[in-house]
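**Student:** Below you'll find the structure I mean.
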Amino acid sequence: MQFRHLRYFVKVVEAGSFSRAAANIHVAQPALSQQIGELEERLGFTLLERSSRGVRATSAGEVLFREASEILRQLEQLPGIVRSSSGEAEGTVNLGMATTIAGSLAGPTIEACGNALPKVTLRFSDNDSETLQAKVEAHTLDMAVVFEDEFASIFSRRPLFRQRFFLIRSEPLPGCTGTVSLHQIAKLPLVLPGRPNQRRGVIDRAFAAAGLTPNVVTEADAVPSELSAVRSGVGSSILNSGNFSHIYRGRDFAAPLLIEPPLFMTCSIISSSDFPLTHAGEAVKAVVIRFIEDHVGAKNRPGAELIA
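To convert, count from 1 in the sequence shown and add 156; that's this note's numbering.
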């Protein structure tokens with residue numbers, strides 16, 4: 157077995173088809189199919205289920221995909237680890253950031269890392285926290301800045317700040333200035349993430365503790381979709397951020413209302429507890445922590461409280 161077999165297999169699974177993978181890695185499709193066939197013969201397992209709609213990994217293929225991705229990640233980082241072991245951080249680092257943070261902080265964070273670590277190549281990804289956590293667990297991300305409510309032991313974490321929840325509406329809520337109660341929110345149509353979702357869990361528990369039932373009229377998979385529904389007047393949303401000017405213009409929404417009693421989620425930077433970060437990874441982590449703490453400490457994020 158050679159590293160190219162693993163690389164080709166990972167690319168096919170990621171692409172979902174031989175033709176797309178062949179185009180992505182500039183290899184003829186018959187040659188790519190032959191390489192995967194050799195890999196299956198060597199391991200003695202069928203690794204891919206083939207159909208007219210593409211391919212997907214079998215149960216054995218899923219195991220190989222997970223392990224091969226980690227092997228290739230370590231192989232990719234090896235030159236940087238060696239070069240930076242005795243001096244300046246060098247190499248490639250994969251960083252993820254939750255969408256509700258990335259919209260305003262992705263660019264400045266990338267710039268801060270570039271200025272502090274000129275020999276480090278940063279690969280950046282933004283998504284919802286649950287997806288980013290899964291990628292850190294699968295070792296396709298080295299670290300991620302996420303919002304948490306449940307603190308899984310599979311991650312090494314540094315809590316950064318607590319973020320309060322806001323009610324987001326397209327029009328002002330009559331009789332409310334600055335804050336709104338759960339009893340008032342219970343009377344409104346809501347657009348919320350579907351279950352399972354940690355933010356939804358915080359919201360559901362808060363309503364249950366107050367003896368209330370949220371009036372959820374629409375469930376959305378992503379924050380931009382929630383905001384689009386709110387902007388169109390479908391309903392209000394409950395979000396752990398009060399500023400969405402990076403997605404829509406400020407006049408598209410009424411002033412956000414802090415929810416009383418307060419609801420919180422914790423923003424943490426997480427990495428795998430099984431594999432230590434490289435020297436370059438630790439350097440990026442330090443820059444990201446310092447940058448976010450400076451940003452929150454300067455009161456640039458409404459509803460955020462630094463964690464000592």
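Glycine is no exception: its CB is placed at the ideal position from the N, C-alpha and C atoms. Because the structure is a prediction, the values reported are computed rather than measured.
#1: For a test of the three-state rule: what should DSSP assign to Phe447, helix, strand or coil?
#2: Buried or exposed: where does Ile192 fall if 16 or more other Cβ atoms within 10 Å of its Cβ makes it buried?
#3: At the level of alpha carbons, what is the spacing between Leu344 and Leu462?
#4: Below 9 Å between beta carbons: does that hold for Ala294 and Leu338?
#5: What are the complete beta strand (DSSP E) segments, minimum 3 residues, inside the segment 302 to 345?
#6: Strictly by DSSP, which residues pair up with Ser423?
#7: Starting from the C-beta of Arg387, find all residues in its chain whose C-beta is less than 8 Å away, skip the five residues before and the five after it, and write them out in chain order.
#8: How is Gln213 classed by DSSP in three states: helix, strand or coil?
#9: Find out if the Cβ-Cβ distance for the pair Phe322, Gly259 is shorter than 9 Å.
#10: Please confirm whether Leu228 and Val166 have their CB atoms less than 9 Å apart.
#11: Roughly how many angstroms separate the alpha carbons of Ile415 and Asn283, rounded to a whole number?
#12: Measure how close the beta-carbons of Val276 and Ala436 come, nearest whole angstrom, since I'm counting them as under 8 Å.
#13: Would Phe447 and Ala268 be called neighbours here (beta carbons separated by less than 9 Å)?
#14: According to DSSP, simplified to helix, strand and coil, what is Arg351?
#15: Okay, do the segment 300 to 309 and the segment 417 to 430 touch, 3+ Cβ pairs below 8 Å being the bar?
#16: Using a Cβ-Cβ cutoff of less than 6 Å, which residues in the same chain neighbour Leu288 once the five nearest sequence positions on both sides are dropped?
#17: Pull up the distance between the alpha-carbon of Phe174 and that of Arg351, whole angstroms please.
#18: Restricting to Cα atoms, I'd like to know which of Gly391, Ala216, Pro264, Ser428 is closest to Leu329.
#19: Would you kindly work out how many angstroms separate the C-alpha atoms of Gly217 and Glu197, rounded to a whole number?
#20: Taking the alpha carbon of Val292 as the reference point, which residue from Glu449, Ser428, Lys455 has its own alpha carbon closest?
#21: Could you tell me which residues DSSP puts in a beta bridge with Asn250?
#22: Here's the rule: buried if 16 or more other CB atoms are within 10 angstroms of the residue's CB, otherwise exposed. What is Ile359?
#23: Based on DSSP bridge pairs, tell me the residues matched to Leu204.
#24: Output needed for Glu205: all residues of its chain with C-beta closer than 7 Å, excluding positions within five of it in sequence on either side, in chain order.
#25: Rounded to whole angstroms, what's the CA-CA distance from Phe317 to Val452? Just pull it up for me.
#26: CB-CB under 6 Å to Thr374, same chain, minus the five flanking residues each way: which ones, in chain order?
#27: Quick one: grab the DSSP three-state call for Leu297.
#28: Can you tell me the Cα-Cα spacing of Ser363 and Pro370, whole angstroms?
#29: Would you please state the rounded distance, in angstroms, between the beta carbons of Asn396 and Arg355? I believe it to be under 8 Å.
#30: Given a threshold of 16 other Cβ atoms within 10 Å of its Cβ, counted over all protein chains shown, does Val521 qualify as buried or as exposed?
#31: By Cβ distance, which residues of its chain are closer than 6 Å to Glu382, with the 5 residues on each side in sequence left out?
**Tutor:** This is what the structure gives:
#1: helix
#2: Classification of Ile192: buried, given that the 10 Å Cβ count is 16 or more.
#3: 31 Å
#4: Result no, Cβ atoms of Ala294 and Leu338 do not sit closer than 9 Å.
#5: 311 to 320, 322 to 324, 335 to 337
#6: The sequence as given places Cys at residue 423; Ser does not occur at that position. The partner list for Cys423 (beta bridge, DSSP) reads Phe303, Phe317.
#7: Ser326, Tyr404, Asp408, Phe409
#8: Here residue 213 is Ala; the residue named in the question, Gln, does not match the sequence. Residue state, collapsed to three classes: strand.
#9: no
#10: yes
#11: 25 Å
#12: 5 Å
#13: yes
#14: coil
#15: yes
#16: Gly252, Ala300, Val302
#17: 34 Å
#18: Gly391
#19: 13 Å
#20: Nearest of Glu449, Ser428, Lys455 to Val292, Cα basis: Ser428.
#21: Arg279
#22: buried
#23: DSSP, once it has assigned bridges, lists Ala213 as partnering Leu204.
#24: Val211, Arg212, Thr214
#25: 8 Å
#26: Val347, Ala385, Val390
#27: Residue state for Leu297 is assigned as coil, using DSSP reduced to three classes.
#28: Note that residue 363 is Phe in the sequence shown, not Ser. Between Phe363 and Pro370, the C-alpha separation is close to 7 Å.
#29: 6 Å
#30: Residue 521 lies beyond the stretch modelled for the chain, which goes from 157 to 464, so this question has no answer here.
#31: Val347, Ala376, Ser393
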